[in-house]
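Numbering (the numbering used here), first residue to last: 7 to 98.
Laid out in structure tokens, this is it:
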């Protein structure tokens, strides 16, 4: 069984953490769902990040400022990733 112990404890990499991790709020498995959305976007777009360049990612995550433009022609992927990146952990 694969277990991501670092994420629930507040760990994780900058730019890949859910908003509630960044503000040290209640953390559930929804943090992993958020990270999955970032990773899927990264894979589909050949290395781009939905929240921009490395230096601005955490701020953009907190402001919910993402750019999914590269997925405009793949509506299913855009819809899925939008849901995975929902700022409300209860709606992910």
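Heads up, the beta-carbon is just placed ideally off N, CA and C, and yes, glycines get one too.
Check, Outcome
"Residue environment, residue 68, which counts as buried when at least 16 other CB atoms sit within 10 Å", "exposed"
"Top-ranked residue by Cα proximity to residue 87, from 62, 43, 18", "43"
"Inside the segment 57-82 only - alpha helix (DSSP H) runs reaching at least 4 residues", "63-69"
"Residue 53: first and last residue of the uninterrupted alpha helix (DSSP H) it sits in", "Looking at the DSSP string, residue 53 is not in any alpha helix (DSSP H), and its letter there is neither H nor E."
"Per-residue burial, residue 32 [other beta carbons within 10 Å of its own, 16 or more giving buried]", "exposed"
"Span separating the alpha-carbon of residue 63 from that of residue 76", "17 Å"
"Simplified DSSP state of residue 41, which is helix, strand or coil", "helix"
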